[in-house]
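The structure appears below as structure tokens.
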Amino acid sequence: MLTTAFAPASTTAFATAFTTAFAALLLTLTGCGVQPSDAIEAGDPPSGAVEPSIAITLYFVRDDKLTAVTRPAGGPLFPQDTLALLAAGPTARERSRGYTTQVPARAGPFSVTAAPAGRLIVTLSTPADKLSTLATDQIICTATTTTPDNATQVTIIGAGETIGPRTCPL
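Numbering (mature numbering (1 follows the signal peptide of the UniProt record, and there is no 0)) for the sequence shown: -23 to -1, 1 to 147.
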């Protein structure tokens, strides 16, 4: 007579539980093997475009008043890229909500330079003195909110004409 030995279910469950517990105990006693260390020097921090958040703020005009509009950025933008978006004007959705821009599209490309004491210089491709007051304020407010150093005063230069330094009126 041929017999096959099978372990009862309770014995198999006990063996599995015992093996699992023993493995957990062994891992606990041996640790992960990582030894503590001091801080490791890695060099200078990164530089370049700063991504403070996933959204950018552009200042458009609505009902003849300067108004902040938040828009998804899709990635980090340099200040001159943000000003180019301002000159391109509101999206179709923003236009449907009554937003416009007085910054002419031909004002770009822009150049933005940091100056001492929290100042920015924005250079346009058109005469600065031909901008309306609202267009000037749009550029100043947008430029100050898109720079990592939180500049407070902006000078606008274009075709030999200068406006400022001025601060955002909002």
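Virtual Cβ for every residue (Gly too), placed ideally from N, Cα, C.
Beta-carbon proximity list for residue i, same chain, < 7 Å, skipping 5 on both sides
i: Pro142; result: Arg96, Gln130, Val131 and Thr132
i: Ile31; result: Pro49 and Ala50
i: Asp41; result: none
i: Ala92; result: Ile98
Which of helix, strand or coil DSSP assigns to residue i
i: Leu108; result: coil
i: Pro56; result: helix
i: Leu43; result: strand
i: Ser73; result: helix
i: Gln130; result: strand
i: Thr100; result: strand
i: Ala50; result: coil
i: Ile140; result: strand
i: Pro29; result: Residue placement at Pro29 cannot be trusted, given a pLDDT of 48 that sits under 50; what the coordinates show is reported in the next sentence. Coil at Pro29, not helix or strand.
i: Thr147; result: The displayed chain sequence assigns Leu, not Thr, to residue 147. Three-state DSSP puts Leu147 in coil, outside helix and strand.
i: Ala94; result: coil
i: Thr123; result: coil
8 Å contact criterion, which residue i and residue j should meet: CB distance rounded
i: Gly135; j: Ala112; result: The Cβ separation is near 11 Å, so there is no contact.
i: residue 148; j: Thr110; result: As shown, the chain starts at -23 and ends at 147. That puts residue 148 outside it, with no answer to give.
i: Gln80; j: Ala69; result: It should be pointed out that residue 80 corresponds to Val in this sequence rather than to Gln. That pair is no contact at about 18 Å.
i: Val89; j: Ala120; result: 6 Å
i: Leu43; j: Gln115; result: 7 Å
Beta-carbon proximity list for residue i, same chain, < 8 Å, skipping 5 on both sides
i: Arg72; result: Gly66
i: Val46; result: Thr34, Leu35, Tyr36, Phe37, Pro67, Glu71 and Tyr76
i: Thr103; result: Pro81, Arg83, Ala84, Gly135 and Ala136
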